[in-house]
Amino acid sequence: MRKIFGIGETIYDILFKGDKPVAAVPGGSVFNGLISLGRTGMDCTFVTEIGADLVGQHILGFMQENGINTDYVSCYQGKKTAISLAYLDENSDAKYSFYKDYPNNRLDFEMPFIEENDIMAFGAYFSLNPVLRDKVRPFLQYAKDQGAILYYDLNFRDNHAHEVESLRDTFKDNFALTDIVRGSHEDFINLFGHDNCRRIYDEETSRYCPRLICTRGKDGVQVIDHGQEYYFSARPIIPVSTIGAGDNFNAGLIYGFIKEGIYRPDLENMNEQKWSKLIGYGIEFGTEACMSTSNYVSKEFAERFRIE
């Protein structure tokens with residue numbers, strides 16, 4: 332089976348409604364998607380970092396229980412695992428406060444063996460952070476050189492919007508490394524000041540990457556591939572929590588690459604029918620994640636999609 336790799340943040344999410352905690356679960360943008368994929372039986376490896384504390388040990392065990400290879404997890408002695416407080420509003424969207432305790436020297440790992448047509452998922456501020464860039468970028472370049480499919484989720488939150496100009500060149504570098512760029516309309520507003528997907532594709536991303544996906548929650552999904560636009564409707568739901576929606580949309584799309592036998596060369600010959608199949612998986616996974624305060628699809632859901 333083709334392998335899936337991810338690099339990103341691991342964090343422990345404590346969810347609040349009003350002033351009361353309602354759930355506490357391991358999380359992180361790439362983390363959430365990999366847990367869902369691991370539950371379907373995919374071969375997943377995660378490069379990340381945790382503290383050598385009780386929370387970190389709990390998360391490490393959770394990853395292993397859900398089929399994630401943790402051989403490349405950096406565990407920092409004397410440090411605490413990152414925590415986020417996520418406050419859900421009336422629409423079940425979250426605002427965050429983060430608490431982090433990292434050492435000066437971070438993310439010391441040997442690169443896992445990646446083969447042609449494997450898949451690499453990355454994104455969020457972790458892929459932009461100047462402190463980590465000299466560790467993250469060589470890994471992404473290695474995956475690209477090996478012929479893997481690179482999938483980039485912007486996941487650019489408003490608490491980093493003030494850094495946009497200083498990060499502009501790093502964004503462009505990520506665009507050039509990847510095969511698919513995915514962002515929510517909120518990501519696009521934070522990064523570009525608007526969410527006109529066609530304009531963003533024409534002016535910002537197409538010169539680096541020919542494929543752009545914009546997810547708009549209940550308003551569906553827009554795909555632009557080599558200039559051709561496709562639109563796909565979302566499923567109407569009343570969400571419990573939207574925290575893992577985009578992360579699991581990514582998981583569903585990546586699942587589709589493997590389930591439908593789409594390899595890197597096939598990306599040059601995609602059509603509306605093929606995209607419809609992939610986006611359909613993304614919407615199913617993302618919708619399922621919204622139906623609980625977990626950040627991932629349920630084990631029962633994953634069992635229906637399991638690939639041995």
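So the sequence shown is numbered by the working numbering: it starts at 332 and just counts up by one.
C-beta atoms are modelled at their ideal positions from N, C-alpha and C, and glycine is treated no differently.
Nothing here was measured: the structure is a model prediction, and the numbers come from that model.
The C-alpha of residue 425 lies about 12 angstroms from the C-alpha of residue 489. Burial is judged here by how many other beta carbons sit within 10 angstroms of a residue's own beta carbon; residue 385 has fewer than 16 and is exposed.
Within its own chain, the residues whose Cβ lies closer than 8 angstroms to the Cβ of residue 390, once the five positions on either side in sequence are excluded, are 341, 343, 357, 381, 412, listed in chain order. For residue 560, the secondary structure class from DSSP, reduced to helix, strand or coil, is strand. The beta strand (DSSP E) runs lying completely inside the region 352–401 and spanning 3 residues or more are 374–382, given in chain order. Within the same chain, 584, 587 come within 6 angstroms of residue 609 by CB-CB distance, once the 5 residues on both sides are set aside.
Per the C-alpha coordinates, the member of 530, 545, 496 positioned closest to residue 512 is 545. Taking a 10 Å sphere around the C-beta of residue 351, we find fewer than 16 other C-beta atoms and assign the residue as exposed. Ranked by Cα distance from residue 563, the first of 345, 611, 484, 634 is 611. DSSP, reduced to helix, strand and coil, places residue 472 within a helical segment of the structure shown. Using a Cβ distance threshold of 9 angstroms, residue 561 and residue 515 do not count as a contacting pair.
Here DSSP, grouped into helix, strand and coil, assigns residue 546 to strand.
Residue pairing by DSSP places residue 451 opposite 336, 481 in a beta bridge. Per DSSP, residue 429 is not a residue of any alpha helix (DSSP H); the beta strand (DSSP E) it occupies stretches across 425–430. Beta-bridge pairing by DSSP links residue 553 to 545, 562.
A straight-line Cα-Cα distance of about 32 angstroms links residue 436 and residue 370. A straight-line Cα-Cα distance of about 37 angstroms links residue 551 and residue 402. Counting along the chain, the unbroken beta strand (DSSP E) around residue 347 starts and ends at 342–348. For residue 413, the secondary structure class from DSSP, reduced to helix, strand or coil, is coil.
Along the length of the region 559–631, whole alpha helix (DSSP H) runs at least 4 residues long occupy 576–590, 603–620, reported in chain order.
Counting along the chain, residue 512 sits inside the beta strand (DSSP E) bounded by residues 511–515. Boundaries of the beta strand (DSSP E) around residue 404: 404–407. Residue 527 and residue 601 have their alpha carbons spaced roughly 23 angstroms apart. DSSP places residue 496 in the uninterrupted alpha helix (DSSP H) bounded by 495–508. Taking all protein chains in view, the Cβ of residue 519 is crowded by 16 or more other Cβ atoms within 10 Å, so the residue is classified as buried.
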